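Notes follow the structure.
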Amino acid sequence: SQTIHQWPATLVQPVGSPLSLECTVEGTSNPNLYWYRQAAGRGLQLLFYSVGIGQISSEVPQNLSASRPQDRQFILSSKKLLLSDSGFYLCAWSLKGGEAFFGQGTRLTVV
Amino acid sequence: QKEVEQNSGPLSVPEGAIASLNCTYSDRVSQSFFWYRQYSGKSPELIMSIYSNGDKEDGRFTAQLNKASQYVSLLIRDSQPSDSATYLCAVRKGNNRLAFGKGNQVVVIP
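Sequences listed follow chains A and B, in order. Under this note's numbering, the first residue of the first sequence carries the number 1, and numbering increases by one thereafter. Under this note's numbering, the first residue of the second sequence carries the number 112, and numbering increases by one thereafter.
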């Protein structure tokens, strides 16, 4: 069966510090991978999605970036965090056209 | 117009009643439609997927799709307190993007 791992679960970072969130999927090959952000009381905002290694589509201009160095690994990064980057970050995977399944999420607080 | 719109405010239903949630989408080429349930502080979990016009039933849940009207709905029968959560409508476009609505909060009153 397929599983998705996302870590850490919670993170408190100072403004201006770097960020690296990692997500890995097990039990499937060539999945579509997604990073979403959910601000408090808001819906899911699609940040990045990837249909293959090295293929990243960006949805919203911002100080975040994503990379997919391996088939089942998706990384969200920032060089300098802003207060507005606080939120609940969710990684998800799907097979083409199918349902998406989410990791446990990372609650990021920028202070 | 938003890609995926869920306009209703919080929905309070008595235990045992039917909860009805609606969702509209803007892109006619959308092919796949999903409903997720999200408990407070947790990640969304898939409860229903629907790909063709009509109704799809799974236990107490029924999803309805009308592509001509660009409309998806979710019915929860015999609502239980454990159904209290936020329900997210999601739509997949042809380019693999998966867009979500803002969600509807459901509160089941014992």
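Every residue gets a Cβ at the ideal spot worked out from N, C-alpha and C, and that includes glycine. Note that the coordinates shown come from a computational prediction; the quantities given were computed from them, not determined experimentally.
| Check | Outcome |
| --- | --- |
| Helix, strand or coil at B:Pro-125 [DSSP, three-state] | strand |
| Separation of A:Val-110 from A:Gly-16, as counted between CA atoms | 9 Å |
| For B:Ser-156, the nearest candidate out of A:Ser-86, A:Ala-100, A:Arg-107 (CA to CA) | Note that residue 156 of chain B is Glu in the sequence shown here, rather than Ser. Here the closest residue by C-alpha is A:Ala-100. |
| B:Glu-116 beta carbon less than 8 Å from that of B:Ala-210 | no |
| Of the listed residues B:Arg-171, B:Ser-154, B:Gln-175, B:Ala-130, nearest to B:Ser-143 (C-alpha basis) | B:Gln-175 |
| Contact under 8 Å by Cβ, A:Ala-66 with A:Leu-81 | no |
| Any 3 or more C-beta pairs closer than 8 Å across the region 48-64 of chain A and the region 118-131 of chain B | no |
| Chain B residues whose Cβ lies nearer than 9 Å to that of A:Asn-32 | Asn-207, Leu-209 |
| Pick from A:Thr-3, A:Ser-20, A:Phe-88, A:Leu-33 that is closest to A:Lys-79, judged by C-alpha positions | A:Ser-20 |
| Within-8 Å CB hit, B:Pro-155 to chain A | yes |
| Nearest neighbour of B:Leu-224, chosen from B:Ile-158, B:Ser-123, B:Asn-215 [CA to CA] | The first residue shown for chain B is 112 and the last is 221, placing residue 224 of chain B beyond what the model contains. |
| Residues bridged to B:Leu-157 (per DSSP) | B:Tyr-147 |
| Beta strand (DSSP E) segments (min. 3 residues) lying fully within the region 155-211 of chain B | 156-161, 165-169, 172-177, 182-187, 196-203, 209-211 |
| One or two residues paired with A:Asn-32 in a DSSP bridge | A:Ser-94 |
| Neighbour-count burial assignment, B:Tyr-162, 16 or more Cβ in a 10 Å radius | exposed |
| Under 8 Å between C-beta atoms of A:Ser-50 and A:Arg-72 | no |
| Proximity of B:Leu-199 and B:Tyr-147 at Cβ, strictly below 8 Å | yes |
| CB-CB length for B:Ser-160 against B:Phe-145, believed under 8 Å | 5 Å |
| Cβ neighbour criterion (16 or more within 10 Å) applied to A:Val-25 | buried |
| Which residues DSSP lists as bridging B:Gly-214, in chain order | Paired residue(s): none; B:Gly-214 is not in a bridge. |
| Backbone secondary structure at A:Leu-11 - three-state DSSP | strand |
| Between the CA atoms of A:Val-12 and A:Ala-39 - distance to the nearest angstrom | 15 Å |
| C-alpha gap between A:Phe-48 and A:Trp-93, whole angstroms | 12 Å |
| Candidates B:Ile-220, B:Val-218, B:Lys-213, B:Val-219: closest to A:Arg-42 by CA position | B:Lys-213 |
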